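Protein chains in written order, with my numbering: chain E, 2 to 565; chain R, 117 to 380; chain V, 1182 to 1320. Even for Gly, the Cβ is constructed at its ideal location relative to N, Cα and C. It should be emphasised that the depicted structure is a prediction, and the values quoted were computed from it without experimental measurement.
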Amino acid sequence: MQRVGVFVCHCGHNIGSVVDVEKVVEYAKQLENVAVADHNLYSCSEEGLGSIKKSIRENKLDVVVVAACTPRTHEPLFRRACEQAGVNKYLFEFVNIREHCSWIHAKEKEAATEKAKRLIAMGVAKASLLTPQKEGEASVIPVAAVIGGGIAGLTAAASLVSQGIETHVIEKEARLGGLLNNISVIGPEFVETEPLIRRLKEDLERSPQAHIHLESRIVELGGFIGNFDIKIAEGAKTTDFKVGAIIVATGGRELEPTNVYGFGKIPTVITQMELEKRLAGGAAPSSAIFIQCVECRQPGREYCSRICCNVTLKNALRIIRSNPNARVTVLHRDIMSYGTTAERLYREASESGVSFMRYGLESPPKISEKEDGASVEVFDETLNENIGISGEIVVLATPIISQEGTAETAKLLKVPADKNGFFLEAHVKLRPVEFATDGVFICGSARWPSHVTECIAQGLAAAAKAAIPIRGGKVVIEAITAEVDVERCAACGNCVLACPYEAIEMTVIDGKRCAKVNEAQCKGCGTCVAACPNDAMQQKGFTTRQLGAMIDALIKNCKEEAVE
Amino acid sequence: MNDPGKEISRLAFDERGADYLLAVREEYGNAGPAFVAKGEDVGDIRTDIPYQLVTILRKIYPYMEDGKIAVVIRRCEEKALNELIKRGIIDGDRIIRIGLACSEGQIEACRCTDPVPSCVDIGSPGKGWNEDQLSKELSAMSSEERLDFWVAQFRKCNKCYACSTNCPVCVCDHCVLEECTFVAEKGIPPGMAFHLIRAYHLSDKCTECGECERSCPAHIPLLTFRKMTNRDMKDLYGYESGDTETVSPLLTTLEGDLLEEEED
Amino acid sequence: MTDFKPSILAFCCNWCSYAGADLAGVSRLQMPPNVHVIRVMCSASVKPEYVIKAVTQGIDGVLVLGCHIGDCHYLTGNHRTAKRIPLLQKILDEAGIDSRRIKLDWVSAAEGEKYQKVVTEFVEEIRRLGPNPLREVRF
């Protein structure tokens, strides 16, 4: 019989203010196989982990159940604690009573407490049947690939190369630089971009470790961390190479306005990118009107693109600096000048005469063409009246939207994108430059609209993360694979056909035909398990007996409730 | 009726080059499967007794290392054999088929819709039935009535496993229905799960041979249940068990219209 | 009948729907407390036997949630789920078990709101259907 320890986390108020943790602990104590049940204010804190480890040793626990938050973020932490206390890390079961209970039933304290009990009963039922597992090891090909040769990708690639790691840069355009090729100066310190890109390019071009593929795109991608196979179409030819880690830095693009504010009809209505070109050419207008939040933060595209306000501040100041008498007006819904440097820009702009006017989503500015520019009528929310202004140009600050082909890239890499088409990192705070898929990393505006400084920071971070498996030379392969009970296998062949990875084959063991799983190819999805009629195929850590026991625990509970 | 044994023996050994013959034979007043090697006396072969010889073939096949085996098979057995060949359990090249057409009475007993084997050697082809009366009645019932009907039927089950033991396409040695991972622990009758799991497992291989229903001592209309689920499989995926080519849709990916529908 | 508290089981795949459920939690989206999630690696690992086990022993409803078609972490795992579950529903219907007690849906890691909607609507549906009649049937 397994000795199970149950540790229920208050997570401060997050769980404790909804679920009656003490009651749940008392309930857990009387569950079959439970040797000890306890609670922690924060199980994931040093103190919480310490007390769990102490309890494992003192109570000679075989299996540990933690009822807290989500395994998707915290499982590795608790598994490590188990290991440190001498328990195989697969003898650990996570019960989610925060995301799946207290947070979503905040107003139903009693029901949430009851549900937490049932979830823990299910968790204990599974935990009692867990068996230790051993992880495999795989070697890592000491080469990285960076998809995208913009500022984020170039920074990541240069960083990898400087660490002596062979790196492939895959760029779809004919030259490196990305969006910065069209932007001459960046805020908030008015740094010129050309030397920035040039230096990175030179670093890469000088290094024998760097391979730059221009006008290239990935056509095929297979494998897993440590051993990815990439096939790219480079111009007319295709090239194959193997890498150990991949950094996605595909960036974003400026939204082309669709028939709003007279764009396309009135020639003096331009986008931020066109303004960048004009300013780079030295032609500052005598007056300009910026309209912020064009086609974003509205139904259909709800997100804030974050960077457009600062870009407007930068360009407003560039106009003022080259022509102090210029009249510059910014029509905005809120100004996002976050951080001390950007805030300084905002102050400088205000003090140098840029006028800021707030409009509402319901009453957007109206534009009409004028002989020497355009005139704008806007309802100023502060003055509460309509105001007419005119300018030589009207600049539409449109958001950064997701890169073309993001869906295809996501599919190739088997990584998620959010509803706006930006890639979704594994965890916004805990794993900001990683994907949930091992060995694939993310940086720059492919993830979310980012400033150049942020792109650089993320590029360096992604490079640092990608260097870990490459430098280590080895990665641990998840132990959760499928395995065949040779005795039971009836060799019906269902699993062979069902496997999406062709990881199963029919073989003969001791004269008996049966299925065989190639563990290196097996990704542990369990598709074969569901296809197996007689339970010969099992997924480690998710066996049919374990999941069956969870269902039994819920059935038992619902029968008891019915009796009540 | 002239002796079918002679004709079968001639077809198997002389004409089609078999080394062994599997057929139903009567001995001492009892009829049962008999396995006869070339040159032996085939004895009193019977073709009027419905018997799933493919079930026997599957069980002895692993011990038959070489030689060609002739089997007297009806249409349902032929389909079961195809399923086994498709799954690699039996090597089709080693099997010689001697087609047997079912009699009117046998067709009626199975409400069989597909009674004629691809090659008729013995008997004369009969006409298949269009539908199963009980299936029709059940389909017309309300969900509650249907549940009542099946609960009453399945309550009669005494978990003797005759249905699975005699099933030509039940290929597992260890059956999950004998354990309590999915079926409620202990107890006779075993409850709904027993029969529903069997229905799901057979959904992509049942040939409607009716052996489960014939062998059920509790007279549960199991063949009707099989026919209903087979019809569902056909309605959903256009799949019918019994050919050597088509892979069960439960094992393949979505394609065409199905894929489009899901993407909406 | 008014105090009918449905017991519902949900299988969520680790990569999409479980993450979607997590997102619903992080976003504090409120929903009825009747759904109990079992985490599986892929919706394709959900054996129809589990669903049969649950509904024949009195669980009022079973949700099977996976990644959207095309987004499966395991390429085409969920294609199998998409074919198994409808057949299972038909088989249950033939036996007189209302197949609306089983629901297959797709929830991505970014669809916390969809998770909330699926759960809320399913609980409402089960309330309308009432307690699982097999909960009371003694064999």
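For Gln540 (chain E), the uninterrupted beta strand (DSSP E) run begins and ends at Met538 to Gln540, by DSSP. Below 8 Å, enough C-beta pairs join the segment 514–529 of chain E and the segment 484–498 of chain E to call them touching: three or more. Within the segment 296–312 of chain R, the residues whose Cβ lies closer than 7 Å to some Cβ of chain E are Thr297 and Phe298, listed in chain order. Using a CB distance cut-off of 7 Å, Ala491 (chain E) counts as an interface residue toward chain R.
Between the beta-carbon of Val363 (chain R) and that of Cys493 (chain E) there is about 12 Å, and that puts the pair past the 8 Å contact cut.
By the Cβ neighbour-count rule, Cys309 (chain E) is buried, with 16 or more other Cβ atoms within 10 Å of its own. Judged by beta-carbon spacing, Gly440 (chain E) lies within the 7 Å limit of Ile226 (chain E), meaning their Cβ atoms are closer than that value. Neighbourhood of Arg345 (chain E) in chain V, by CB distance below 9 Å: empty, with the nearest CB roughly 34 Å away. For Met551 (chain E), the closest alpha carbon among the candidates E:Val396, E:Ser129 and E:Ala82 is that of E:Ser129.
The shortest C-alpha to C-alpha distance from Asn385 (chain E) to any of E:Gly374, E:Ser364 and E:Cys523 is the one to E:Ser364. C-alpha of Thr156 (chain E) to C-alpha of Phe543 (chain E): approximately 41 Å in a straight line. Annotation: the continuous alpha helix (DSSP H) that includes Val1232 (chain V) extends over Pro1229 to Thr1237. Around the C-beta of Phe310 (chain R), 16 or more other C-beta atoms lie within 10 Å, and the residue is accordingly described as buried.
Within a 10 Å sphere around the beta-carbon of Asp157 (chain R) sit fewer than 16 other beta-carbons, which makes this residue exposed.
Residues of the segment 1282–1306 of chain V with a C-beta less than 8 Å from any C-beta of chain E: Ser1289, Ala1290, Ala1291, Glu1292 and Gln1297, listed in chain order. Membership of Ser44 (chain E) in any alpha helix (DSSP H) is not indicated, and neither H nor E is assigned to it by DSSP. Contact between Gly13 (chain E) and Leu42 (chain E) is confirmed by a C-beta separation of about 7 Å, below the 8 Å threshold. Pairwise C-beta distances place the segment 262–276 of chain R in contact with the segment 334–348 of chain R, as three or more of them are shorter than 8 Å. For Glu172 (chain E), the CB contacts under 6 Å within the same chain, skipping 5 residues up- and downstream, are Gly150 and Leu215 in chain order. Tyr316 (chain R): member of the alpha helix (DSSP H) spanning Met308 to Leu318, first to last residue.
The Cβ neighbour count for Phe341 (chain R), taken over all protein chains shown within 10 Å, is at least 16; the residue is labelled buried. Closest option to Arg1261 (chain V), judged by alpha-carbon separation, among E:Phe95, E:Asn326, E:Cys533 and E:Lys108: E:Cys533.
No residue range can be given for Val487 (chain E), since it is assigned to no alpha helix (DSSP H) and is classified by DSSP as neither H nor E.
Residue state for Phe1303 (chain V) is assigned as helix, using DSSP reduced to three classes.
Classified as buried, Gln1270 (chain V) has 16 or more neighbouring CB atoms from the shown chains inside 10 Å of its CB.
Taking the C-beta atoms as reference points, Asp1274 (chain V) is found no nearer than 7 Å to Leu1310 (chain V).
Taking a 10 Å sphere around the C-beta of Thr1237 (chain V), we find 16 or more other C-beta atoms and assign the residue as buried. By the CB criterion at 7 Å, Thr297 (chain R) and Arg489 (chain E) fall outside the cutoff.
Two segments are said to touch when three or more pairs of C-beta atoms, one from each, lie closer than 8 Å; by this definition the segment 201–210 of chain E does not touch the segment 257–266 of chain E. Inside the segment 213–245 of chain R, DSSP marks whole alpha helix (DSSP H) runs of 4 or more residues at positions 220–226, from first to last along the chain. Ala153 (chain E) is not a Cβ neighbour of Gln273 (chain E), given a cutoff of 7 Å.
Closer than 7 Å to the CB of Trp104 (chain E) there is at least one CB belonging to chain V. The C-beta of Val267 (chain R) comes closer than 7 Å to at least one C-beta of chain V.
Against chain V, the beta carbon of Thr345 (chain R) has neighbours under 9 Å at Leu1268, Lys1271, Ile1272 and Glu1275, listed in chain order. With respect to the C-alpha of Leu413 (chain E), the residue from E:Asp381, E:Ile231, E:Asn387 and E:Tyr502 having the closest C-alpha is E:Ile231. For Ala499 (chain E), the closest Cβ of chain R is nearer than 7 Å.
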